[in-house]
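Student: Take this structure first; my questions come after.
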Amino acid sequence: MVICISKENQPAFDHPLLMYHKIQEAPTEIPRVIGTNKKSEWPTSEAHVSTAKCPQDKVPIQNMTALSHRAKPERGNNNTSVIPKHEHAVALARGIPKVYGTKAVINIWEPVVEDKKIEMSISQIWITSGDFDTNDLNSIEVGWQVDPIVYKDNKPRLFVYWTSDAYRTTGGYNLRKPGFIQTSSEIVLGGSISPVSSFGGSQFEITILVWKMVDDTNTLQPIEVKRYYSDGPYYSTKKLHTDEWGTHFFFGGPGLSLYFIYFSFSFFIII
């Protein structure tokens, strides 16, 4: 269930650092792409994200009472003896002094989530700084997830997530906790994505572009989420940044189906 609420009444403004925040409706600059690389063996089509028709001064938000909550599982180590029941595969971009954004084309699937009480599956991009070891990891995450615990179904859904302290005390999905500000009156964060890809058949994807504007607004913007912003305390450009593209699984035991994940990426670096 989706409801329309006033832009000024979003949960983001419950955060003390955003109480007097001025909503910026459009970006002040467009990133300059200096390199792209996309490889795919199959023709692909763009998938569609759920939309709503809210008035221009309102934004769509999922009814919180109809959703459940999940604690964010830790990440950063694919050794399952260290993090049991958690598997992930990532592609990293390292060695760049400062990264202000990234772009990815992500294939859409509807993977089997066998144990609906604990399992989830995610394909996403991260923009991170800081470190797990020092508990100052900053992370902005965008992609799709299948999570029956949160959404009570097996559909791939658009999500955004943030944390500023390595998932310890801060962080939240979509508009469910203070942090992100949405300006689009159409895009539904947490909305389902369709159609989905099939093995040996049609392939569907979404394109996600996230960047931090280098000005005094200190704003991070995912373009494909229709002008959706986060503010200063959740992301730092003063440290080494890493772009991560990857697929992330949290599982309760051996599944019945084996899925091969095919990555098809576009990327950019802003200078």
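In the UniProt record's numbering, the protein residues as written are 1 to 271. The beta carbon of each residue, even a glycine, is placed where N, CA and C say it ideally should be. Source: prediction; values computed, not measured.
#1: Looking only at C-alpha atoms, which of Thr-163, Val-196, Pro-43, Ile-140 sits nearest to Pro-156?
#2: Please identify the residue among Asp-57, Ile-108, Val-90, Leu-158 whose C-alpha is closest to the C-alpha of Thr-51.
#3: Return the chain-ordered list of same chain residues with a C-beta closer than 6 Å to the C-beta of Thr-163, the five sequence neighbours on each side being excluded.
#4: Do Ile-122 and Glu-205 have their beta-carbon atoms positioned less than 8 Å apart in this structure?
#5: Going by DSSP, what residues sit across from Val-2 in a beta bridge?
#6: If you draw a straight line from the alpha carbon of Tyr-229 to that of Lys-116, how long is it in whole angstroms?
#7: With burial defined as no fewer than 16 other Cβ atoms inside 10 Å of the residue's Cβ, what is the status of Tyr-20: buried or exposed?
#8: Could you name the residues of the same chain whose beta carbon sits closer than 6 Å to that of Pro-11, not counting the 5 residues immediately before and after it, in chain order?
#9: Does DSSP put Glu-87 in a helix, a strand or coil?
#10: Look up Ser-45 in the DSSP assignment and give the residues it is bridged to.
#11: Taking the alpha-carbon positions, what's the Ser-185 to Glu-110 distance?
#12: If we ignore side chains and look at the alpha-carbon of each, how far apart do Met-120 and Ser-192 end up?
#13: I'd like the ranges of any alpha helix (DSSP H) spanning at least 4 consecutive residues and lying wholly in the stretch 118 to 144.
#14: Could you tell me which residues DSSP puts in a beta bridge with Ile-149?
#15: Does Leu-18 come out as helix, strand or coil in the three-state DSSP assignment?
#16: Over the uninterrupted beta strand (DSSP E) stretch that includes Thr-183, give me the two end residues.
#17: Give the DSSP-derived three-state secondary structure of Gln-10 in the structure shown.
#18: So Lys-177 is in the beta strand (DSSP E); what residue range does that whole segment cover?
#19: Below 8 Å between beta carbons: does that hold for Val-150 and Phe-180?
#20: From what residue to what residue does the beta strand (DSSP E) around Ile-106 run?
Tutor: According to the data block:
#1: Val-196
#2: Leu-158
#3: Ser-139, Thr-170, Gly-171
#4: no
#5: Gln-62
#6: For Tyr-229, the predicted model reports a pLDDT of 35, less than 50, meaning its position is unreliable and no value from the coordinates is stated.
#7: exposed
#8: Leu-175, Pro-178
#9: strand
#10: Phe-204
#11: 27 Å
#12: 15 Å
#13: none
#14: Paired residues: none, contrary to the question.
#15: helix
#16: Here Thr-183 belongs to no beta strand (DSSP E), and DSSP marks it neither H nor E.
#17: coil
#18: Note, Lys-177: premise wrong, no beta strand (DSSP E); not H, not E.
#19: no
#20: 101 to 107
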